[in-house]
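*Asks:* Right, I'll just put the structure down here and ask away after.
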DNA sequence: CCCTAAACGAGACGGTACGTCGTGTCTTACG
DNA sequence: CGTAAGACACGACGTACCGTCTCGTTTAGGG
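Chains as they are written, first to last, in UniProt numbering: chain Z, 1 to 199; chain H, 1 to 199; chain S, 1 to 199; chain L, 1 to 199.
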């Protein structure tokens, strides 16, 4: 039987990994995302293409990895830190902190990743597991507490509430462009809250 | 001035055009959208690649054209026909008619187009002009009437209301997958309406 | 029966013809012969491609026509004018007059035409009929007189004598490059004559 | 310095190389030389076009390589083997052996290559370096010995003597067609010798 | 002198090949 | 064995010309 050549993560060279992720991010921001390619990343990182294919299945996965690594702590810390007793304030803080603070200027990368994910189911799954899912869980948690507090109507499904909130953000990002500023994020929270509050 | 070689639409061969659009749609649904290529469309339509490049700037533009052409009447008729006095009923009908009726099974094509548009500004513009913009205008019109009727709060910006409604649909399509059925579209309208109604 | 659409030379537009030939020559000398194309000639002459195809079968034929037209009188006059009683002098004059005088700087065009003719039998035939054949006849005539005069050995086939003379010229043009100057043309005649003279 | 991507000959795959050359020759003889294309060779050899472009600059270079490889030993052995004391016999043997024996049926390939070389200076150089030059050197060597022996006049430049001989062959091949048989090659040598011998 | 058939400009069209790029697999040589 | 380097088969890219084919629009010549 063939040994199936599963690479051994223990022997992975961390410097090489870092060089690849760095190169991916640098090319994404410099040359424009459309020109990101495995070949380009390999050349820029001074790395064999083989090495990239050994550890990542696609260019999207590399970019996601590079982008998410810089994001993770940032993003989840901000989402977790909104723990006052005022749901409206917390929601505004979460939306602003996540969308403008943590993601901020890298919004085009997110858009590119989601675009790529429409052609690549594996990337889509990775994206959900890595970014979308955790974010939803953290926000859902806060919404559940708001339901307990009576600040959100009891018949609201937290995940549908998230659709209502994040839908606005992604819709503007991906479909109907417009400014992404504090006025917008506040308005997103306000508009959603009008529908979430108990009547 | 440079000759610029702008082709003359009057000399365009309608049979050729039809063959190309048909081939594009057929390949999109048969072989999977990832495999759509100018080369493939040309071969399938029995057409020179040059002829495609003469009239469309990219494969995305061809698919958009083919897809939108079949959609247009359908979609806009459904959006226009919701003219009862009950905004809730009309909204549900619009969302259901557009998302499930007109778009229906071709939702993956829409997702693919928006994905493609994230890499291609021209396609993004075309998509907005051809699909997103007109849809928004038609819905905005109905919302304005609902404001006049007092069924929607006077301080609501119709376009932000559309973000609230369509955001949910596109978010589920592009970001966080889930069923697209009548229960969902009704819920989309319900949830949005909770926030839009006068208090 | 189909009318076969043989074009009527009487209705041929002489200005158009002139414009095409002029454009062909101009492009040949300016842009380099490798870039000569029917499309290019048509554009430059402000003429439809159809018009070129109506009167010439290939780009080689156009260039040959253009080139030969300027050459003909020149070339044949020079070949005919060598009618002294001194065959050696006449031969040198013929070779020099034809190769350096009439053809002169357009030698690359001739090389290109012969190159093209290796791929295109029609052009090869045209070239022989238009240039090679007549030249050979004129020279053969003078050689026959030299045989009568006793300046060339009686067992010499005039056409083989021409092979001996012109072979050197074309060999240098097409195969083994070297200078084309008066020293060379004289040497060509000298060397050939050594073999042609009666022993 | 620029990386310049010079391919490393040590890593060249000999099987691939052989497949390409074989395909080139096969297509040249089967489909006719006019139809030889990089695309066709690649398809026939089961090889990527990139691989051809990596090692050869043009289709002409591929055909030359394929053709010359089969020719080389053959041709030069024949030219070298004419080492009797009779220059006339040796010359006839060289001309016949090279032109009818070694080249033989592949004469159209040679004509096509020289035709191609009229449009492609790189190919012309390669052709001279690979075929014309070495041939000339070998023949010049024998002529020099003939001068030493007194069988060729002392004032004869060996290279001009070669022009005289080979000129006839190439002239017939490229310019004024005629049979290529033993009568012809003998006549070529005879006619040339009349001019080369001491008076 | 008009009428009609052609030659003409323009360029769309189906093709073939071009030369380049990126993909994902592979082989080689090194540490 | 992981790695840098890059050759390789493949498929698509976007471009250039090919030769054929409509389109109107001149432009003659024969009725």
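By construction, the Cβ of each residue, glycine as well, lies at the ideal position given by its N, Cα and C atoms.
Excluding sequence positions up to five away, which residues of its chain have a Cβ less than 8 angstroms from the Cβ of residue 98/Z?
*Replies:* Working through the first chain from its first residue, we reach residue 98/Z at position 98. For residue 98/Z, where only same-chain residues beyond five positions count, the Cβ hits under 8 angstroms are 75, 78, 79, 135.
*Asks:* Identify whether residue 13/Z lies in helix, strand or coil by the three-state DSSP scheme.
*Replies:* Translated into the one-based positions of the first chain, residue 13/Z becomes position 13. Residue 13/Z falls in the coil class under three-state DSSP.
*Asks:* If you measure from the beta carbon of residue 163/S to each beta carbon in chain L, is any gap under 8 angstroms?
*Replies:* The residue labelled residue 163/S in the question sits at position 163 within the third chain. For residue 163/S, the answer is yes, since a Cβ of chain L falls inside 8 angstroms of its Cβ.
*Asks:* Taking only runs that begin and end inside the region 111-155 of chain S, name each unbroken beta strand (DSSP E) of 3 or more residues, in chain order.
*Replies:* The region 111-155 of chain S contains no whole beta strand (DSSP E) run of 3 or more residues.
*Asks:* For chain S, check one thing: does any of its Cβ atoms lie closer than 8 angstroms to the Cβ of residue 126/L?
*Replies:* Translated into the one-based positions of the fourth chain, residue 126/L becomes position 126. Answer no: the Cβ-Cβ gap between residue 126/L and chain S never drops below 8 angstroms.
*Asks:* Please determine if the region 55-65 of chain L and the region 3-20 of chain L are in contact, where contact requires at least 3 C-beta pairs separated by less than 8 angstroms.
*Replies:* Contact holds: three or more Cβ-Cβ distances are below 8 angstroms.
*Asks:* Rounded to whole angstroms, what is the Cα-Cα separation between residue 157/Z and residue 70/Z?
*Replies:* For this step, residue 157/Z is matched to residue 157 along the first chain. For this step, residue 70/Z is matched to residue 70 along the first chain. One C-alpha to the other measures close to 31 angstroms.
*Asks:* Find the nearest neighbour of residue 131/H within the set 117/H, 93/H, 142/H, judged by alpha-carbon distance.
*Replies:* Translated into positions along the second chain, residue 131/H becomes position 131. Comparing Cα positions, the closest option is 117/H.
*Asks:* Out of 163/Z, 140/Z, 179/Z, 108/Z, point me to the one whose CA is closest to residue 173/H's CA.
*Replies:* Residue mapping note: residue 173/H aligns to position 173 of the second chain, counting from 1. Answer by Cα proximity: 163/Z.
*Asks:* Which first and last residues belong to the alpha helix (DSSP H) in which residue 180/L is found?
*Replies:* Within the fourth chain, numbered from 1, the residue matching residue 180/L stands at position 180. Run containing residue 180/L: none; DSSP gives neither H nor E here.
*Asks:* Residue 199/H by DSSP, collapsed to three states: which one?
*Replies:* The residue given as residue 199/H occupies position 199 in the second chain. It is coil, neither helix nor strand.
*Asks:* Using 8 angstroms as the threshold, is the C-beta distance between residue 280/S and residue 24/S below it?
*Replies:* The question about residue 280/S has no answer here: the residues shown for chain S are numbered 1 through 199.
*Asks:* Hey, would you say residue 193/S sits closer than 8 angstroms to residue 160/L, going by beta carbons?
*Replies:* Counted from its first residue, the third chain places residue 193/S at position 193. Counted from its first residue, the fourth chain places residue 160/L at position 160. Not a contact, by the Cβ cut-off of 8 angstroms.
*Asks:* Where do the ends of the alpha helix (DSSP H) carrying residue 162/H lie?
*Replies:* Here residue 162/H is taken as the residue at index 162 of the second chain, counted from 1. Note, residue 162/H: alpha helix (DSSP H), 158-174.
*Asks:* Who are the near neighbours of residue 195/H in its chain, counting only those whose CB is closer than 8 angstroms to its CB and skipping five residues on each side?
*Replies:* By one-based count along the second chain, residue 195/H stands at place 195. The answer, listed in chain order, is 164.
*Asks:* Since residue 127/H and residue 138/H should fall inside the 8 angstroms C-beta cutoff, what is the C-beta to C-beta distance between them, to a whole number of angstroms?
*Replies:* Locating residue 127/H in the second chain gives position 127, counting from the first residue. Locating residue 138/H in the second chain gives position 138, counting from the first residue. Actually they do not touch by this definition, with Cβ atoms about 16 angstroms apart.
*Asks:* Just the Cα atoms here: how many angstroms apart are residue 149/S and residue 179/S?
*Replies:* On the third chain, position 149 is the one that residue 149/S refers to. On the third chain, position 179 is the one that residue 179/S refers to. The alpha-carbon atoms of residue 149/S and residue 179/S are separated by roughly 33 angstroms.
*Asks:* What residue from 143/S, 107/S, 35/S, 95/S has the CA that sits closest to residue 197/S's CA?
*Replies:* For the purposes of this step, residue 197/S is identified with residue 197 of the third chain, where counting begins at 1. Residue 197/S has its Cα closest to that of 143/S, out of 143/S, 107/S, 35/S, 95/S.
*Asks:* In whole angstroms, give me the CA-to-CA distance for residue 4/S and residue 50/S.
*Replies:* Position 4 of the third chain, counted from the first residue, corresponds to residue 4/S. Position 50 of the third chain, counted from the first residue, corresponds to residue 50/S. For residue 4/S, the predicted model reports a pLDDT of 47, less than 50, meaning its position is unreliable and no value from the coordinates is stated.
*Asks:* Using 8 angstroms as the limit for Cβ to Cβ distance, is residue 34/L near chain S?
*Replies:* Counting from one through the fourth chain, the residue named residue 34/L turns up at place 34. It does: the Cβ of residue 34/L has a partner Cβ on chain S nearer than 8 angstroms.
*Asks:* Do residue 28/S and residue 95/S have their CB atoms nearer than 8 angstroms?
*Replies:* For the purposes of this step, residue 28/S is identified with residue 28 of the third chain, where counting begins at 1. For the purposes of this step, residue 95/S is identified with residue 95 of the third chain, where counting begins at 1. In this structure, residue 95/S does not lie closer than 8 angstroms to residue 28/S by Cβ.
*Asks:* Compare the Cα-Cα distances from residue 124/S to each of 11/S, 104/S, 59/S, 176/S and report the closest residue.
*Replies:* Here the question's residue 124/S lines up with position 124 in the third chain. For residue 124/S, the nearest C-alpha among the options comes from 59/S.
*Asks:* I'd like the list of long-range same chain contacts for residue 93/S, defined as Cβ closer than 6 angstroms, with 5 residues on each side in sequence excluded.
*Replies:* Taking the first residue of the third chain as position 1, residue 93/S is located at position 93. 82, listed in sequence order.
*Asks:* Have a look at 48/L, 85/L, 100/L and flag the residue whose alpha-carbon is nearest the alpha-carbon of residue 186/L.
*Replies:* Locating residue 186/L in the fourth chain gives position 186, where the first residue counts as 1. If we check each option's Cα against that of residue 186/L, 100/L comes out closest.
*Asks:* Quick check on the DSSP output: the alpha helix (DSSP H) that includes residue 40/Z runs from which residue to which?
*Replies:* Sequence index remark: in the first chain, residue 40/Z carries index 40 (1-based). Unbroken alpha helix (DSSP H) run through residue 40/Z: 38-45.
*Asks:* With respect to the alpha helix (DSSP H) encompassing residue 72/Z, which residues constitute its N-terminal and C-terminal limits?
*Replies:* Numbered from its first residue, the first chain carries residue 72/Z at position 72. Run containing residue 72/Z: 59-80, per the alpha helix (DSSP H) assignment.
*Asks:* Between the Cα of residue 107/L and those of 146/L, 177/L, 141/L, spot the shortest distance and give me the residue it belongs to.
*Replies:* Position 107 of the fourth chain, counted from the start, is the residue given in the question as residue 107/L. The shortest C-alpha separation from residue 107/L is found at 177/L.
*Asks:* Within 10 Å of its beta-carbon, does residue 85/L have 16 or more other beta-carbons around it, so buried, or fewer, so exposed?
*Replies:* In the fourth chain, the residue the question calls residue 85/L occupies position 85. So residue 85/L counts as exposed.
*Asks:* With 8 angstroms as the threshold, decide whether the Cβ of residue 37/S is near any Cβ in chain L.
*Replies:* As a working mapping, residue 37/S is identified with position 37 in the third chain. By this cut-off, residue 37/S is not an interface position.
*Asks:* Output needed for residue 9/L: all residues of its chain with C-beta closer than 7 angstroms, excluding positions within five of it in sequence on either side, in chain order.
*Replies:* Locating residue 9/L in the fourth chain gives position 9, counting from the first residue. Closer than 7 angstroms at Cβ, skipping near neighbours: no residue.
*Asks:* Reducing DSSP to helix, strand and coil, say where residue 108/L ends up.
*Replies:* As a working mapping, residue 108/L is identified with position 108 in the fourth chain. Reduced to three states, the DSSP call for residue 108/L is helix.
*Asks:* For residue 72/L and residue 34/L, what's the separation of their Cα atoms in angstroms?
*Replies:* To locate residue 72/L, count along the fourth chain from 1; it is residue 72. To locate residue 34/L, count along the fourth chain from 1; it is residue 34. Spanning the two alpha carbons is a distance of roughly 24 angstroms.
*Asks:* Mind listing the chain H neighbours of residue 112/Z? Cutoff is C-beta to C-beta under 9 angstroms, in chain order.
*Replies:* Your numbering for residue 112/Z matches position 112 in the first chain. 118, 119, listed in chain order.
*Asks:* Of the residues that make up the region 128-139 of chain H, which ones have a beta carbon closer than 9 angstroms to any beta carbon in chain Z?
*Replies:* Those residues of the region 128-139 of chain H that come within reach of chain Z (Cβ to Cβ, closer than 9 angstroms) are 128, 132, 133, 136.
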